[in-house]
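Peer 1: Under the working numbering, think of the first position of the sequence shown as 228, with each following residue one higher.
For every residue, glycine included, the Cβ atom is placed at its ideal position computed from N, Cα and C.
Have a look at the structure that comes next, please.
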Amino acid sequence: MRIGIISDTHDHLLKIKHAVEIFNEHKIGYLLHAGDYIAPFSLNPLNDLICDWRGVFGNNDGEREGLIKKSAGKIENPPLFLEFAKKRIAVMHEFKDVGADVVIYGHTHKPRIEENNGKLLINPGEACGWLYMKPSIVVLDLETMKPELIYF
Numbered sequence: 228m229r230i231g232i233i234s235d236t237h238d239h240l241l242k243i244k245h246a247v248e249i250f251n252e253h254k255i256g257y258l259l260h261a262g263d264y265i266a267p268f269s270l271n272p273l274n275d276l277i278c279d280w281r282g283v284f285g286n287n288d289g290e291r292e293g294l295i296k297k298s299a300g301k302i303e304n305p306p307l308f309l310e311f312a313k314k315r316i317a318v319m320h321e322f323k324d325v326g327a328d329v330v331i332y333g334h335t336h337k338p339r340i341e342e343n344n345g346k347l348l349i350n351p352g353e354a355c356g357w358l359y360m361k362p363s364i365v366v367l368d369l370e371t372m373k374p375e376l377i378y379f
């Protein structure tokens, strides 16, 4: 199974739509969002995903009630713990060392993929491209545990 990983979309609808197209091309089985959606309307492109998704709030998500309603409860306070392919996955916005096989986070807008003490740490960078002009996402193959950083 492949999962898509995205963070820091910051209302950039064109980039979110493009990311969704890439995730669909990679035939991901699930999408995880590490926060900073900003406004509820920015969730609209996620309706075109071929899979389900979940996510957490980031530090810039002020309209939380609207995001919860628009996402049908798919967004919650971090950390979010899920299990796929017998791997425990934690999703948060700001990095915190927690008990999980994979720790997904955002906030810095800089991609980072590293193994640390048996854990795979993944920051997909900024999907919006506002700060560094290099929008990025990650596709993680849970069978091989190989993440692919994709700039778009």
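Are D263 and G285 closer than 8 Å when you measure CB to CB?
Peer 2: Looking up residue 263 in the sequence shown gives position 36. Looking up residue 285 in the sequence shown gives position 58. In this structure, G285 lies closer than 8 Å to D263 by Cβ.
Peer 1: Starting from H245 and walking both ways along the alpha helix (DSSP H), at which residues does that stretch end?
Peer 2: Your numbering for residue 245 matches position 18 in the sequence shown. L240 to E252 is the extent of the alpha helix (DSSP H) around H245.
Peer 1: Indicate the three-state DSSP secondary structure (helix, strand or coil) for S269 in the structure shown.
Peer 2: The count along the sequence shown starts at 1 and reaches residue 269 at position 42. S269: helix per DSSP, three-state reduction.
Peer 1: Tell me the rounded alpha-carbon separation between F311 and C278.
Peer 2: For the purposes of this step, residue 311 is taken as the residue at position 84 of the sequence shown. For the purposes of this step, residue 278 is taken as the residue at position 51 of the sequence shown. Rounded to whole angstroms, F311 to C278 spans 14 Å at the Cα level.
Peer 1: Which value, in whole angstroms, describes the spacing of the CA atoms of I316 and I364?
Peer 2: Taking the sequence shown and counting its residues from 1, the one referred to as residue 316 is at position 89. Taking the sequence shown and counting its residues from 1, the one referred to as residue 364 is at position 137. C-alpha separation (whole angstroms): 17 Å.
Peer 1: Rounded C-beta distance between W280 and H260? I'm assuming under 8 Å.
Peer 2: By one-based count along the sequence shown, residue 280 stands at place 53. By one-based count along the sequence shown, residue 260 stands at place 33. The pair is a contact, with the Cβ atoms about 6 Å apart (cut-off 8 Å).
Peer 1: Given P272, which residues of its chain have a CB within under 7 Å of its CB, disregarding the five upstream and five downstream residues?
Peer 2: What you label residue 272 is simply residue 45 of the sequence shown in a count that begins at 1. Hits under 7 Å: L240, I243, K244 and V247.
Peer 1: Compute the beta-carbon to beta-carbon distance between P351 and S234, rounded to the nearest angstrom, for a pair I have assumed lies under 8 Å.
Peer 2: As a position in the sequence shown, residue 351 is number 124, starting the count at 1. As a position in the sequence shown, residue 234 is number 7, starting the count at 1. Confirmed, about 5 Å.
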